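Visitor: Chains as they are written, first to last, in UniProt numbering: chain A, 1 to 542; chain B, 1 to 542.
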């Protein structure tokens, strides 16, 4: 009888264990989990803080007992694997409750210990709570006594923002302190600005470019000298792979600290597999080794490792890092590379911003989706996408993720046949729309980005707002003149054939104007994403 | 100056016209529309009947005047093209208001006249109202006086059912009369049964296998002799391509009555293009010529034709026929082929039914999605999918449509990286889930379909319900014994190694039981889709 020892009993580890049993009734399967709980809903933890998920038990999807009953698993919670003896194929396991130690043999070892919160060496950091386990939630809830009225949250990533929303729902005054110039790193700054704007409208305080200098009893101080009063400080700065055990066992570790694995999740020791947040993934766009701490991938790789251990010759798929977060009335999702990443990698991009409605405008309740597409202009390959909006964001990100997996080009998006009824979409879906804009650019239409406007003006481009006089009066880009689209055919002479940068609200009328003026012999470009993208980008600062 | 005449000013025709102008400022563009309105929201019409879309004007997306102003189009409503002189390249146009006729030259002619409601030769059919144009809605609303309390709706397709819901919202007693054995032809019968069940629970009367014999003043009679009392009769039996003009002009017409076109939407006359509901499409699965009367495709082909006329060498994409309908609290969508179609074409299939939640079960508000996948067992290609559920149906259909377009296999669905946060999905999305089930079948797991149970029992299979005793007590399949999954390891001896067909609620525990029993040496199969698919299928009859 062979035996498999699995380190970590949450997403990846437990997927491995359950699948192993379905594939092999006779294998000995031991799962070692350092916390007191296995198979808990980590992505649900922030929502228990507010009571949106009222029952703590509903976070606990399985227990060691239920797993034993159904899958005949030997699950040991509150146990820590302290060492791997690779030669003897044994692990040393410490019982965290009584301190006793034992050694267990393995034929295959699966490392799925997850990640741990990053705790930078800020004076007083030990005062900050974190959120990663069920015990962490219990601790936060225990601290949220009636006299606590304000919380400072260090970190504007997914978990920090989810937690901020849920603390706000409890009536707390929440300040988010983000070291970078924007929250939500997976988004580009002008897209993150939409989220920032929404969170501020809900009453959250968001400080960007804010470096925490010291944490005290009554809050924290920033490097700028500013003092943030807070009854409680929580750190959600990010996570790092839990690779200490692997490192100490001499397994190869990647540059970013994740356990190195091959296309079958094998570490540098063929008897040892690694997966989940602790292991490196292969980036689908570049082929590089990356860290992508997402539950979906952990689960999938758990199933994969179980299949490989039980004799199937299957391989991992490279990762797109598709993700989403819901914050108050907004969702923000992304897939693949953002523009920042492409710039960092020296990859030229074609950028497209569109702001269509999530479903037919004539049907009640339509909401704007802000969608950004990042394209390789040489190959027309989709490098990535981002979307922010009140409804339908998840669908568009999933469709683009699937298109990327299928190797479809950005122009192919124009032809995707997506289900249309007025409650669900439009005859021209937002994804089709992005494809149309891409197709127009392939056919030669020139666009400028929001951050190229100043330069264009300096270069002698005339800025023309083709919206209605009423829209123009409500605010426009400084220096723009108003020439409404429907008057353009009569009044284009006023432009005196100067280089013309047109814009409208979202880019659609601008496209019509660009086509018209170009045919009339005027060198014209359209402002991508229109006034809306430009205006959100202005909100970034401060 | 070249000129293009476009016959039909709704989805396809108007997309052609607007795109033509963006591509060519100088072309003469004439749009001839027989009704009084152009560019109206046909898919929104049923919702104006109830007032869900309260403003009639919001259905009218453009007017001849607004189109002239923005796009310099010559749009003539209430005008009918009565003849095409292909030699002279002229059309004869009749003004339907004053009867006058004129002839207009074209360099390119675009036929997008749409489809007309099928009106079978039932005695009294002229009494039935239909719904296709804004005028039709006006007529229905004019008939819905206070003394009207009941409506008989002939036809259980998309428009009939949407109209039924909206008439029900107005407080009318609605009876749907469908000639086929099921409503919603794009779905297979056991999937349509879920919709039927829902509509009946809302108070609609649905008669299937019901052939209308005669329509009278006070309702209608069926071939069975049954009398259906109704103050108003509406026929929504389906549509046929409006190809009379093309036929009379000698253009090639396909077997199904649609105008034949090539990969660039050219008819048998190279100066004449056709698109929209009047034209044939290429089926993406089989490559056959088919009729797919969907707005999305009409719009897309309008853009395509404009590009081709203005010199781009672009080609159509074959159609998947992705569609969806919202009915009360349910959505029902489909893409590609259903099982019926595959059977008709002699195409072997692998069938998968799953019933996962639309998002994480631990987050409040999760709803079941009933998802069916139709797979080519030889190539693992996805032939089609159907989904029914309260939320998230559109997303899953769109993802599968995109996967089909990208040439992904059914097993590839297991690896799709879809955006997960507890409000939007699960770490294992319903689409992934269908992929997992497919992968299990590829790896050798055997399943039976709901309609194979009786045969299996006759063949000596023991039917084992692996749900809990409490679930078993609430209803099971006749002849099944109860052996709960968690007891199976101890009690499998009771099966005496007989061929065992296991089932649970949705198929998941059945899969675990199948794995277990197979490893224990018992020939085992799992009932695909579990008790839930089987139980819905029972509701089909009657």
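No residue lacks a Cβ here, since even glycine has one placed at the ideal position from N, Cα and C.
Remember, predicted model here, so these are calculated numbers, not experimental data.
Compute the beta-carbon to beta-carbon distance between residue 70 of chain A and residue 80 of chain A, rounded to the nearest angstrom, for a pair I have assumed lies under 8 Å.
Guide: About 25 Å separates the two Cβ atoms, so there is no contact after all.
Visitor: Does any residue of chain A bring its CB to less than 7 Å from the CB of residue 497 of chain B?
Guide: Answer no: the Cβ-Cβ gap between residue 497 of chain B and chain A never drops below 7 Å.
Visitor: Kindly give me the distance between the Cβ atoms of residue 17 of chain A and residue 32 of chain A, rounded to whole angstroms, as I take these residues to be in contact under 8 Å.
Guide: That belief does not hold up - the Cβ atoms of residue 17 of chain A and residue 32 of chain A are roughly 11 Å apart, past 8 Å.
Visitor: DSSP three-state call for residue 11 of chain B: helix, strand or coil?
Guide: Residue 11 of chain B falls in the helix class under three-state DSSP.
Visitor: Should the segment 142 to 162 of chain B be called in touch with the segment 325 to 333 of chain B, which here means at least 3 C-beta pairs below 8 Å?
Guide: Touching, per the Cβ criterion.
Visitor: Near residue 550 of chain B, which residues of its chain fall below 6 Å by C-beta distance, leaving aside the five closest residues on each side in sequence?
Guide: The structure shown does not extend to residue 550 of chain B, since chain B spans only 1 to 542, so no value can be given for it.
Visitor: Checking 7 Å against the spacing of the C-beta atoms, do residue 419 of chain A and residue 194 of chain B come in under that value?
Guide: Not closer than 7 Å, so no.
Visitor: Which word fits residue 251 of chain B, buried or exposed, when buried means at least 16 other C-beta atoms lie within 10 angstroms of its C-beta?
Guide: When all chains shown are included, residue 251 of chain B counts as buried.
Visitor: So who's on the other strand from residue 216 of chain B, going by DSSP bridges?
Guide: BP columns for residue 216 of chain B point to B:219.
Visitor: DSSP state of residue 389 of chain B, grouped into three classes?
Guide: DSSP places residue 389 of chain B in strand when its eight states are reduced to three.
Visitor: Restricting to Cα atoms, I'd like to know which of A:115, A:391, A:26, A:291 is closest to residue 72 of chain A.
Guide: Among A:115, A:391, A:26, A:291, the Cα nearest to that of residue 72 of chain A belongs to A:26.
Visitor: Nearest chain B C-beta to residue 70 of chain A closer than 7 Å, yes or no?
Guide: Chain B contact via Cβ: present.
Visitor: Can you tell me whether DSSP reads residue 513 of chain A as helix, strand or coil?
Guide: Residue 513 of chain A falls in the helix class under three-state DSSP.
Visitor: In chain order, what residues of the same chain have a beta carbon less than 7 Å from the beta carbon of residue 309 of chain A, not counting five sequence neighbours either side?
Guide: Excluding positions up to five away in sequence, the list reads 4, 20, 108.
Visitor: Going by C-alpha to C-alpha distance, which of B:116, B:51, B:198, B:149 sits closest to residue 138 of chain B?
Guide: Looking at the Cα atoms, B:51 is the closest of the given residues.
Visitor: So residue 372 of chain B and residue 353 of chain B are supposed to be a Cβ contact under 8 Å. How far apart are they, rounded?
Guide: That belief holds up - the Cβ atoms of residue 372 of chain B and residue 353 of chain B are roughly 5 Å apart, short of 8 Å.
Visitor: Pull up the DSSP beta-bridge partners for residue 148 of chain A, would you.
Guide: Partner(s): none; residue 148 of chain A has no beta bridge.
Visitor: Taking the straight line between their C-alpha atoms, what separation do you get for residue 298 of chain A and residue 276 of chain A?
Guide: When rounded, the distance between both Cα atoms is 4 Å.
Visitor: Could you give the C-beta distance for residue 349 of chain A and residue 445 of chain A, rounded to a whole number, given that I count them as a contact under 8 Å?
Guide: Rounded, the Cβ-Cβ distance is 16 Å, inconsistent with contact.
Visitor: Enumerate in chain order the residues of its own chain whose CB-to-CB distance from residue 543 of chain A is below 6 Å, with the five nearest sequence positions on each side excluded.
Guide: A question about residue 543 of chain A goes unanswered here, because the residues of chain A that appear run from 1 up to 542.
Visitor: Can you pull the chain A residues whose beta carbon is under 9 Å from the beta carbon of residue 425 of chain B, in chain order?
Guide: Those within 9 Å of residue 425 of chain B in chain A are 296, 324, 394, 398.
Visitor: What does residue 486 of chain B touch in chain A if you count any residue whose Cβ is under 9 Å from its own?
Guide: Those are 66, 69, 70, listed as they occur along chain A.
Visitor: Mind checking if residue 58 of chain A is an interface residue toward chain B, Cβ cutoff 7 Å exclusive?
Guide: At least one chain B Cβ lies under 7 Å of residue 58 of chain A.
Visitor: Quick one: is the Cβ of residue 479 of chain A within less than 6 Å of any heavy atom of the ligand PLP?
Guide: As for the ligand PLP, it is missing from this structure, which has no ligand bound.
Visitor: Decide if residue 551 of chain A is buried, meaning its Cβ has at least 16 other Cβ atoms within 10 Å, or exposed.
Guide: The structure shown does not extend to residue 551 of chain A, since chain A is modelled only from 1 to 542, so the question has no answer here.
Visitor: What does DSSP give as the partner residue(s) for residue 117 of chain A in the beta ladder?
Guide: Answer is A:239, bridged to residue 117 of chain A.
Visitor: Residues in the segment 404 to 428 of chain A with C-beta within 8 Å of chain B's C-beta atoms, listed in sequence order?
Guide: Per Cβ criterion, the list reads 405, 406, 407, 408, 412, 414, 415, 416, 417, 418, 419, 420, 421, 422, 423, 424, 425, 427, 428.
Visitor: Using the Cα positions of residue 498 of chain A and residue 463 of chain A, report the straight-line distance between them to the nearest angstrom.
Guide: Between residue 498 of chain A and residue 463 of chain A, the C-alpha separation is close to 10 Å.
Visitor: With respect to the beta strand (DSSP E) encompassing residue 503 of chain A, which residues constitute its N-terminal and C-terminal limits?
Guide: Unbroken beta strand (DSSP E) run through residue 503 of chain A: 500 to 503.
Visitor: Starting from the Cα of residue 425 of chain A, find the closest Cα among B:212, B:530, B:41 and give me that residue.
Guide: Nearest of B:212, B:530, B:41 to residue 425 of chain A, Cα basis: B:41.
Visitor: Can you tell me whether DSSP reads residue 183 of chain A as helix, strand or coil?
Guide: It is coil, neither helix nor strand.
Visitor: Determine the contact status of residue 249 of chain A and residue 86 of chain A, defining contact as a CB-CB distance below 7 Å.
Guide: A contact, by the Cβ cut-off of 7 Å.
Visitor: Buried or exposed for residue 154 of chain A, going by 16 or more other Cβ atoms inside 10 Å?
Guide: Label assigned to residue 154 of chain A: buried.
Visitor: Give a yes or no on whether the minimum CB-CB distance between residue 519 of chain B and chain A is below 7 Å.
Guide: Chain A contact via Cβ: present.
Visitor: For residue 397 of chain B, which of A:417, A:271, A:378, A:404 has the nearest alpha-carbon?
Guide: Answer by Cα proximity: A:417.
Visitor: Put residue 192 of chain B into one of helix, strand or coil per three-state DSSP.
Guide: Three-state DSSP puts residue 192 of chain B in a helix.
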